[in-house]
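Here's the structure, in structure tokens; my notes come after.
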Amino acid sequence: MKDNNQTHSLLSMNGISYLVPFILITSCFALWGFANDITNPMVKAFSKIFRMSVTDGTLVQVAFYGGYFAMAFPAAIFIRRFSYKAGVLLGLGLYACGAFLFYPAMLTGSYYPFLIAYFILTCGLSFLETSCNPYILSMGPEETATRRLNMAQSFNPVGSLLGMWVAMNFIQARLNPLETEQRAQLSDAEFEAVRDADLLTLITPYVFIGIVVVLMFVVIAVSKMPKNGDQSHSINFFGTLKRIFSLPRYREGVIAQFFYVGAQIMCWTFIIQYGTRVFMMEGMGEKAAEVLSQKFNIIAMAIFCGSRFVCTYLLRYINAGKLLAGLAFAAAILTVGVILFQDRFGLYCLVGVSACMSLMFPTIYGIALDGMGDDAKFGAAGLIMAILGGSILPPLQARIIDCGVIGGFPAVNLSFVLPLICFVVIIAYGMRCSRRTT
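Per my numbering, the very first residue in the sequence shown carries number 1; after that it's consecutive.
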């Protein structure tokens, strides 16, 4: 009987059930999870296809997360003027548009049109996240908002797992088996033939996901959705920013989110480089090492997914700030292992970090927006802008990786000092939030 009452209070309020809207909006969490994690392995794929450095390949992440940054506050203004549902629909429209642009990008045979497609796609994701996260928070009582968001976010890694699986089986495994050194020796004509075939392989999943997003757009457009949190349509941009950034919990939450997203993207993007070095040291070929590394990435995401459900349950009994700080501390310890071990033990530590990260994004988000009411629209935008960490920090790590060896130590190992710093910041935020209520 107790569980039934808790379920009722989680997704209903004042006699109104939000179950169906919750399911529809939660589906969007899976859609942007797919986009995020089919993209991480593309840093390595584009580097090979266009014979570029790892640093140049991370321009994918710059374009991807730059779109989040650029569109967060415009998205907040849009949903303040109209509604959460309108924000979701515009986000899905931009997502589909960006995905379909991969086809003309392929026809150019150039790298930079893909960056434009990624940017437009993630402008859509920025609208989706700015709309969906606070929308979920509003679908029930305020006291269960963080749990509700963690539940919805639990389906984000489901999409991520699918994105990783598609990247491994439909892109990485089907690219031309020529290794990086062999590609460098191709003539211009040979290079163009291999490049064009690889690009056709790469774009196919993006075109298919574009079709799925269009179908999702239609379903949500014709469905009756609640107008939760849409009490005011007035826009006082600078006044609202001043008000929300005066709150230490929110201001520090934006900083913590910046470093969390940076850590997440670094750990999931460069597990390919890390694992490839380990497996090639064991005598494996480059392509086989990359595919096996992606399998470890999928294992990491599966652990992340399972841990999200466990952590959502633990939030019923443990203070959110304390749990956040504890998991960030465990992630920091594991990251030290990633840096120091030069064999599979380091890779195992890197996989383990994902179990600790599972709680972080939605919990930082929920703590930072707690009690904001209608200001959550703009508050959400600041937290989505913090995703810029995924654009700024990975290129810094890539520059370290491109050094090859530093002081006789693998640069790819030393590069994980950056995620370590990120987790220290999150420990501090969790501890501060566990001690205060404002």
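All C-beta atoms, glycine included, are put in the ideal place defined by N, C-alpha and C. Note that the coordinates shown come from a computational prediction; the quantities given were computed from them, not determined experimentally.
Collapsed DSSP secondary structure at GLY406 in the structure displayed: Strictly speaking, residue 406 in this sequence is Ile, with Gly absent from that position. In this structure, ILE406 counts as strand in the three-state DSSP scheme.
Other residues of its chain near THR102: CB distance less than 6 Å, five sequence neighbours each side excluded: Before going on, a small fix: residue 102 reads as Phe here, not Thr. These residues qualify, in order along the chain: ALA117, ILE203, TYR206.
Beta-carbon contacts of GLU192 that lie in its chain and below 8 Å, excluding the five residues immediately before and after: GLY109
The region 32 to 44 contacting the region 156 to 175, beta-carbon criterion three pairs below 8 Å: yes
Reduced DSSP secondary structure (H/G/I, E/B, other) of SER126: helix
Beta-carbon gap between SER53 and ASP402 smaller than 8 Å: yes
Other residues of its chain near PHE78: CB distance less than 8 Å, five sequence neighbours each side excluded: ALA86, GLY87, LEU90, PHE127
Start and end residues, alpha helix (DSSP H) containing ILE339: 320 to 340
Assumed close pair ILE272, TRP165 - CB separation to whole angstroms, cut-off 8 Å: In fact, because the Cβ distance is near 15 Å, the residues do not count as touching under 8 Å.
CB contact flag (ALA300, VAL351, <8 Å): yes
Buried/exposed call for LEU340, threshold 16 Cβ in 10 Å: exposed
Segment contact flag, the region 129 to 137 with the region 19 to 26, C-beta cutoff 8 Å, min 3 pairs: Touching, yes, given that three or more Cβ pairs across the two stretches are closer than 8 Å.
Local conformation of SER391 per DSSP, three classes: helix
Proximity to ALA35 [Cα-Cα], best of TYR313, ILE384, LEU161, ARG51: Restricting attention to TYR313, ILE384, LEU161, ARG51, the CA atom closest to the CA of ALA35 is found in LEU161.
Close-in-space but distant-in-sequence residues of the same chain around THR269 (CB under 6 Å, 5 per side omitted): ASN40, VAL43, PRO394
Extent of the continuous alpha helix (DSSP H) run through ARG251: Its alpha helix (DSSP H) spans residues 248 to 269.
Three CB pairs or more closer than 8 Å across the region 357 to 364 and the region 304 to 312: yes
Endpoints, alpha helix (DSSP H) assigned at GLN153: First-last of the alpha helix (DSSP H) with GLN153: 145 to 153.
Cβ-Cβ distance between TYR260 and ILE426 below 8 Å: yes
Extent of the continuous alpha helix (DSSP H) run through MET372: Per DSSP, MET372 belongs to no alpha helix (DSSP H) and is neither H nor E.
ALA428 - DSSP class collapsed to helix/strand/coil: helix
Inter-stretch contact (C-beta, 8 Å, three-pair minimum) for the region 279 to 298 and the region 415 to 433: Contact between the region 279 to 298 and the region 415 to 433 is absent, because fewer than three Cβ pairs lie under 8 Å.
Residues near ALA302 in its chain [Cβ-Cβ closer than 7 Å; skip 5 each side]: LEU161
Collapsed DSSP secondary structure at SER293 in the structure displayed: helix
Segment limits, alpha helix (DSSP H) that includes MET357: 344 to 357
Option in LEU121, ALA99, GLU142 with minimal Cα separation from ILE367: GLU142
Alpha-carbon to alpha-carbon, VAL278 and VAL405: 14 Å
Meets three-Cβ-pair contact criterion under 8 Å: the region 313 to 320 and the region 144 to 154: yes
Selected residue, minimal CA-CA separation from ARG195, among ALA381, ALA45, ARG399, MET431: Checking every option, the nearest Cα to that of ARG195 belongs to ALA45.
Integer Cβ distance of LEU125 from TYR84, believed to fall under 8 Å: Not a contact, Cβ separation roughly 16 Å.
Rounded separation between SER434 and ALA332 - CA only: 19 Å
For ALA381 and CYS132, the rounded distance between their alpha carbons: Within the model, the alpha-carbon separation for CYS132 versus ALA381 is close to 11 Å.
Runs of alpha helix (DSSP H) wholly within the region 10 to 78 (minimum 4 residues, chain order): Correct list: 19 to 39, 42 to 49, 54 to 57.
LEU347 and GLY275 closer than 8 Å at C-beta: It is a contact, given that the beta carbons lie within the stated cut-off.
For GLU282, three-class secondary structure by DSSP: coil
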